[in-house]
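Data block below; observations after.
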Amino acid sequence: MAMSMDPRRFALVAAEWFDGEQRHADGPTTFTVVDGRLDSISRGDRAAELANQGWPVQRTPFLMPGLVDAHVHLFLDGAPTDMALRSAHLKQAVPDLTEAARRSARQALACGVTGVRDAGDRHGINNRVREEARGPASGMARVRSGGSGIKRAKRYGAFMATDVEDEASIRNSVRELALSNDEIKLILTGIIDFDAGAVTDEPQFDLAAASVVVEAAHAADRKVFAHCSGAEGLAIAAAAGVDSIEHGFFMSREILAQMRDRQLAWTPTFCPVHFQWAEPQAVGWKAETVGKLRRILDSHAKHLRLAHEMGVPLLLGTDAGSMGVPHGRAVFDEIERFIEAGLPLQAALTAATAAPRRHFGASHPTLVAGAPFDAVSLPASPFDEHSALRRPQRVWSRGVVSA
Ligand SMILES: [Zn+2]
38 MAMSMDPRRF ALVAAEWFDG EQRHADGPTT FTVVDGRLDS ISRGDRAAEL
88 ANQGWPVQRT PFLMPGLVDA HVHLFLDGAP TDMALRSAHL KQAVPDLTEA
138 ARRSARQALA CGVTGVRDAG DRHGINNRVR EEARGPASGM ARVRSGGSGI
188 KRAKRYGAFM ATDVEDEASI RNSVRELALS NDEIKLILTG IIDFDAGAVT
238 DEPQFDLAAA SVVVEAAHAA DRKVFAHCSG AEGLAIAAAA GVDSIEHGFF
288 MSREILAQMR DRQLAWTPTF CPVHFQWAEP QAVGWKAETV GKLRRILDSH
338 AKHLRLAHEM GVPLLLGTDA GSMGVPHGRA VFDEIERFIE AGLPLQAALT
388 AATAAPRRHF GASHPTLVAG APFDAVSLPA SPFDEHSALR RPQRVWSRGV
438 VSA
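Quick note, this note's numbering runs 37 ahead of the 1-based positions in the sequence shown.
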């Protein structure tokens, strides 16, 4: 008998699986993978039959799509929490920062994160790593890149964005950025002043200017993802119709209702703020500020639950690269924040698998026949044991085992 040992062709039998939206816990399922794509899914254990036909067959307790981190900065290293180390990192030459970005993408993939959306770096290192990560054997998570974002001169975001001025300059910049970037990153507001417990500065773009960004991006067939926190900025983001709101601290029910109506997505990125709350000594926050951080996180969790109930599309993103937010592993922490907020695990996993793929326009957002085989197997069902997510057995990128 001719035994085919073609590595591009194999079968898997999973005791239970998740397709990106639904859990399937009604008995074993057999998957075949051919040339990096899921070829067939059939109920029952077909291991013996397929092995007889020469298919290499593996078994796993649990199979799910590869995770997606919808908000990272690959060129930043989230592990160091010392301010001096972090600013020294940013001052490195581009080749060193590029190497750091490759490390981040490898670290993500090892955790089962087969895709990331990079939310901006001013050197465009994310675009370069995106090209390098295209091959299935790159050992890196695939990259959807925001390239360099856009911001106002002398305002927050210089590490990840370039300056724009009047309407003509916005249109030109967006047109130019759309040539190399998968999405347009708009730095719509500043960041939270943790001591004040609020976003204290004015939005960088008013409604007219933000609308120009969205219109120009859509004309170039690009989505806009907006760094935005604080009531004023959120009102502008929703009215302008940015495709996804990143961070979105100080969210409100009214804004969520607009987002639901227009199906604008939300990436709440708990991780960086949670780190500041959990390890206040890293920055030296006083007790009063720690209390404010807790209230900000509690309000964020309350609005995430509301968003889920209302039907706002949710994307799970960690802001990996921020202080205390390591690439890869942070996805599990962010999933925990979603669970703490009261979301079912299924909703958290959807936000980390099918929802971002759908938002990014993937041809097959879920694990169905024909889908690229980006998947993770686990030693147990995370529906029984959440921590199983942190212990991937195997990670496949386009059908190639990478971990
Ligand atoms: Zn970010």
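Using N, Cα and C, we set each Cβ at its ideal position, and we do this for glycine too.
Taking C-beta separations shorter than 8 Å and ignoring five residues to either side along the sequence, the partners of A156 in its chain run H108, V109, H110, G183, G186, M197, K222, F262, H264, E283, G354 and D356, following chain order. In this structure G57 touches T390 by the C-beta definition: roughly 4 Å separates them, less than 8 Å. Rounded to whole angstroms, F307 and A174 show a C-alpha spacing of 32 Å. Proximity to A62 across L100, F231, S210 and R189 peaks at L100, based on C-alpha coordinates. Counting along the chain, W314 sits inside the alpha helix (DSSP H) bounded by residues C308 to A315. Those residues placing their Cβ nearer than 6 Å to any heavy atom of ligand 1 are, following chain order, H108, H110, A156 and D356. By the neighbour-count criterion, in which a residue is buried when 16 or more other Cβ atoms sit within 10 angstroms of its Cβ, E220 is buried. Counting only runs of 3 or more residues that sit fully inside the region 139-164, the beta strand (DSSP E) segments are 150-155, in chain order. By the C-beta criterion, the region 269-277 is judged not to be in contact with the region 202-215, since fewer than 3 inter-stretch pairs fall below 8 Å. Take the alpha-carbon of W314 and the one of D370: they are about 14 Å apart.
With contact defined as three or more Cβ pairs closer than 8 Å, the region 76-96 and the region 133-147 are not in contact. Within the same chain, Cβ atoms closer than 6 Å to the Cβ of P65 are found at V50, A52 and D82, the five residues on either side in sequence being excluded. D258 is positioned such that its CB atom lies closer than 9 Å to that of A215. A425 carries a helical assignment under DSSP once its states are collapsed to helix, strand and coil. Apart from sequence neighbours up to five positions away, the residues of its chain that approach S79 with a beta-carbon distance below 6 Å are T67, ordered along the chain.
Under the DSSP assignment, Q95 falls outside any alpha helix (DSSP H), being part of the beta strand (DSSP E) whose first and last residues are V94 to P102. When C-alpha distances from R46 are compared across P93, A147, R60 and F55, the shortest belongs to P93. Ranked by how close their Cα comes to the Cα of E325, the residues F112, D232 and T135 have D232 in first place.
Of the residues W303, V279, P402 and L127, the one whose Cα lies closest to the Cα of S248 is V279. Judged by DSSP in its simplified three-state form, P409 adopts strand. No Cβ-Cβ contact shorter than 9 Å links L334 with L380. Rounded to whole angstroms, the separation of the alpha carbons of Q144 and V368 is 12 Å.
For E377, the enclosing alpha helix (DSSP H) begins and ends at A367 to E377.
Rounded to whole angstroms, the separation of the alpha carbons of H401 and H364 is 25 Å. By the Cβ neighbour-count rule, V310 is buried, with 16 or more other Cβ atoms within 10 Å of its own. Taking G285 as the centre and dropping the five residues before and after it, the same chain places the C-beta of C265, S266, L271, W303 and P305 closer than 7 Å to its C-beta, in chain order. Of H337, V70 and Q241, the smallest CA-CA separation from G234 is found for H337.
Assignment of D72 by DSSP, reduced to helix, strand and coil, places it in the coil class. Under the DSSP assignment, L343 falls in the alpha helix (DSSP H) whose first and last residues are A324 to M347. The three-state reading of DSSP puts L353 in coil, since its state is none of H, G, I, E or B. Within a 10 Å sphere around the beta-carbon of P132 sit fewer than 16 other beta-carbons, which makes this residue exposed. Assigned with DSSP and collapsed to three states, A233 falls in coil, not helix or strand.
In this structure, S281 is the residue among F287, F312 and S281 with its C-alpha nearest to the C-alpha of R297.
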